[in-house]
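J.: Dumping the structure here so I can ask a few things about it.
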Amino acid sequence: MSLPELEQLESLIERLGERVRTDVLARVGGYPIYGLEMGTRDEHAPCLLLVGGVHGLERIGTKVVLAYLGSLAERLQWDELTRNALCRSRIAAIPLLNPVGMRAGTRCNGNGVDLMRNGPATADGEAFPLVGGQRFSPLLPWYMGPEGRLEPESKALIDFVTSRVLGAKAAIALDVHSGFGFQDRLWFPYARTRQPFPNTSEVYALYELLNQTLPHHVYRTEPQSRAYTADGDLWDYLYDQSRSHGAGVFVPMTLEMGSWTWVRKNPRQLLSLPGTFNPIKHHRLQRTLRRHLLLIDFLHRAVVGHRAWAELDALHRERCLSLAVNLWFT
265 MSLPELEQLE
275 SLIERLGERV
285 RTDVLARVGG
295 YPIYGLEMGT
305 RDEHAPCLLL
315 VGGVHGLERI
325 GTKVVLAYLG
335 SLAERLQWDE
345 LTRNALCRSR
355 IAAIPLLNPV
365 GMRAGTRCNG
375 NGVDLMRNGP
385 ATADGEAFPL
395 VGGQRFSPLL
405 PWYMGPEGRL
415 EPESKALIDF
425 VTSRVLGAKA
435 AIALDVHSGF
445 GFQDRLWFPY
455 ARTRQPFPNT
465 SEVYALYELL
475 NQTLPHHVYR
485 TEPQSRAYTA
495 DGDLWDYLYD
505 QSRSHGAGVF
515 VPMTLEMGSW
525 TWVRKNPRQL
535 LSLPGTFNPI
545 KHHRLQRTLR
555 RHLLLIDFLH
565 RAVVGHRAWA
575 ELDALHRERC
585 LSLAVNLWFT
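Numbering (the working numbering), first residue to last: 265 to 594.
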């Protein structure tokens, strides 16, 4: 059965032509999961990774990633600055990780598993009840799947990130979701514990850079655990894997779009499940697709200019850690 977002992605791949390297990472329920890569072939070059469609119900995540890649495809035809940046950096993407869930209009995949509760990482202490992951039944939300078994979508993400991203001298991942609160949030690890994670200093330096460069941005930056703790977070696992790789700094971030704002402005959206997680009115969809392009472009520039936040001297690192602990962990 057709899936508009998948058709849009395949059309984009065709439009990019030789400028994109494309792999089918897995096939699930007859649908391909595409991994894309643009820029230099140097595996150590700084890398920005974009991921969408982890939860099938949150179609807007895939749409935001595709909007950025579509804009990038146009700029690559004429924008020398972007071309030059991609000569020494990479942009990787999995725009639609869970096509079966998107086709079915469900948060989970075809096996009833919430992919962001399916990773090997476990909570330090107790995860938030139910929301933090459960193994009671796939009929309930946030089902983690059988213990010790990765879903094919989860394995596709892990394998792609491990082989294409973790070798970079600096890398940022942006996983685009919706459905939490009235404000767009940028979450960083850990999901499993409320303690600071090892690269808290670098995240704070990146946070300062964002505030100084885009002083009027709309994002609230915080550790994910400030909202809730969770078992099985794939980004927690991949971050820990990056530490064992001994490569550069890897910062996985989640853009959690505040969908309650869309519902507040149009309460009739509550009459349908997709309306709880996606902007329904056309002008709000267009505004959402526009507003995050600047953030993603900033993150690409940040990986290219990674020395400003990922290569801190001891004094700067200590300062950033102290400020981060006061802001986020007290």
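By construction, the Cβ of each residue, glycine as well, lies at the ideal position given by its N, Cα and C atoms.
All of these numbers come straight from a predicted model, not from anything done at the bench.
#1: Does the segment 390–401 come within contact of the segment 420–427, defined as at least 3 CB pairs closer than 8 Å?
#2: What's the call for SER489, buried or exposed, on a 16-neighbour Cβ count within 10 Å?
#3: DSSP on THR457, reduced to helix/strand/coil?
#4: For CYS351, which three-state DSSP category applies?
#5: What whole-angstrom Cβ distance do PRO364 and GLY376 have, given they're in contact under 8 Å?
#6: Could you name the residues of the same chain whose beta carbon sits closer than 8 Å to that of TYR468, not counting the 5 residues immediately before and after it, in chain order?
#7: For LYS327, count the other beta carbons within 10 Å of its own beta carbon; 16 or more makes it buried, fewer makes it exposed. Which is it?
#8: On the premise that SER442 lies in contact with MET521, defined as a C-beta separation below 8 Å, what is that separation, rounded to the nearest angstrom?
#9: With 16 other CB atoms within 10 Å as the buried threshold, where does ARG449 fall?
#10: Is the beta carbon of PHE392 less than 7 Å from the beta carbon of TYR501?
#11: Just list the residues that DSSP pairs GLN398 with in beta bridges.
#12: Can the beta-carbon of ALA420 be found less than 7 Å from the beta-carbon of ILE277?
#13: With HIS441 as the anchor, note down where its alpha helix (DSSP H) starts and where it stops.
#14: Short check: CB of VAL329 to CB of LEU314, under 7 Å?
#15: Let me know if HIS509 comes out buried or exposed under the rule of 16 or more other beta-carbons within 10 Å of its beta-carbon.
#16: Measuring alpha carbon to alpha carbon, tell me which residue in PHE400, ALA434, ARG507, LEU270 is nearest ALA572.
#17: Taking its Cβ as the centre, do 16 or more other Cβ atoms sit within 10 Å of SER465, making it buried, or is it exposed?
#18: Starting from the C-beta of ASP439, find all residues in its chain whose C-beta is less than 6 Å away, skip the five residues before and the five after it, and write them out in chain order.
#19: Let me check understanding here. Comparing Cα to Cα, which of PRO359, LYS545, GLY320, GLY512 lies closest to TRP406?
#20: Is it the case that the Cβ atoms of ALA368 and ARG456 are separated by a distance below 7 Å?
#21: Rounded C-beta distance between LEU360 and LEU270? I'm assuming under 8 Å.
T.: Walking through what the data contain:
#1: The segment 390–401, when compared against the segment 420–427, does not touch it at the 8 Å Cβ threshold.
#2: buried
#3: coil
#4: It is helical.
#5: Reading off the sequence, residue 364 comes out as Val, not Pro. Going by Cβ atoms, the distance from VAL364 to GLY376 rounds to 11 Å, so no, they are not a contact pair.
#6: CYS584, LEU585, LEU587, ALA588, LEU591
#7: buried
#8: Yes, MET521 and SER442 are in contact; Cβ-Cβ is about 4 Å, under 8 Å.
#9: Buried.
#10: At least 7 Å separates the beta-carbon of PHE392 from that of TYR501.
#11: TYR407
#12: No.
#13: HIS441 -> not in any alpha helix (DSSP H); beta strand (DSSP E) instead, spanning 434–442.
#14: yes
#15: With fewer than 16 other Cβ atoms within 10 Å, it is exposed.
#16: ALA434
#17: Of the residues assessed, SER465 falls on the buried side of the cut-off, its CB having 16 or more other CB atoms within 10 angstroms.
#18: VAL315, THR518
#19: GLY320
#20: It is not a contact, given that the beta carbons lie outside the stated cut-off.
#21: 6 Å
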